[in-house]
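Working notes, beginning with the structure itself.
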Amino acid sequence: MANNPRAFDARAREARQLAYEATTTVGRRYSSVAEIGISLQFTLPDGKPHSSPHRRLFTPDMQAFFDVQCTDRDCSDGGFDLSPAVDSAVRSDRHEVAGHLRCRGTRSRQECGIALDYAVSVQMRDD
Ligand SMILES: [Zn+2]
Numbered sequence: 001m002a003n004n005p006r007a008f009d010a011r012a013r014e015a016r017q018l019a020y021e022a023t024t025t026v027g028r029r030y031s032s033v034a035e036i037g038i039s040l041q042f043t044l045p046d047g048k049p050h051s052s053p054h055r056r057l058f059t060p061d062m063q064a065f066f067d068v069q070c071t072d073r074d075c076s077d078g079g080f081d082l083s084p085a086v087d088s089a090v091r092s093d094r095h096e097v098a099g100h101l102r103c104r105g106t107r108s109r110q111e112c113g114i115a116l117d118y119a120v121s122v123q124m125r126d127d
């Protein structure tokens, strides 16, 4: 492999950590939100599931960091930014948004092709 993938990984991890730390909390970004649930299902380019579906919960004290890493370890610069989806779920009347994203990364100089089906559901505070 050209240009040392390990060094690249370390830099990418560090950049991700910095981005995470620079992110405000869920409570500060969305003052009326009690909880954000995000369901994730990754699929391979041929449509087969790549990992079992799982769900992440975000509470107001957590970082509002909605950048999901690609499930393929050999993928570089990959990932899925769910911030726009969370934004529209918070703003929508039903507080739910579902969609489909393709990984923005590359693997062996080809498009990664892993896809993410997501569903965001937001619980608003009662007051
Ligand atoms: Zn990827």
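When the letters of the sequence shown are read in order and numbered with full-length UniProt numbering, they come out as residues 1 to 127. Quick reminder that beta carbons are idealized off the backbone N, C-alpha and C, glycines included. For clarity, every value in this text was computed on a predicted model and none was experimentally measured.
Sort the options by Cα distance to residue i and report the nearest one.
| i | options | result |
| --- | --- | --- |
| T24 | G99, P60, F8 and V97 | P60 |
| I38 | D126, R107, Q110 and H100 | H100 |
| L18 | Q63, L82 and C75 | Q63 |
| R125 | E21, I36, S76 and A15 | I36 |
| A98 | R13, R28 and Q41 | Q41 |
| D72 | A7, E21, R102 and R28 | R102 |
Indicate whether residue i and residue j have their beta-carbon atoms separated by less than 9 Å.
| i | j | result |
| --- | --- | --- |
| F80 | R104 | yes |
| V120 | V68 | no |
| P45 | I114 | yes |
Could you tell me if residue i is buried or exposed, where buried requires 16 or more neighbouring beta carbons within 10 angstroms of its beta carbon?
| i | result |
| --- | --- |
| A2 | Note that A2 scores a pLDDT of 48, beneath 50, so its modelled location is shaky; the value from the coordinates is reported in the next line. Counting Cβ neighbours within 10 Å, A2 comes out exposed, since fewer than 16 surround it. |
| A89 | buried |
| F58 | buried |
According to DSSP, what are the bridge partners of residue i?
| i | result |
| --- | --- |
| Q41 | D117 |
| R102 | A115 |
| G56 | It is worth fixing the name first, because residue 56 is Arg in this sequence and not Gly. Beta-bridge pairing links R56 to I38. |
| Q17 | DSSP output for Q17 lists no bridge partner at all. |
| T25 | Q63 |
| S76 | T106 |
| residue 133 | The requested residue 133 is not part of the displayed model; the chain covers only 1 to 127. |
Check whether the Cβ of residue i lies closer than 9 Å to any Cβ atom in chain C.
| i | result |
| --- | --- |
| R94 | Given the protein chain composition of this structure (a single chain), no chain C is represented. |
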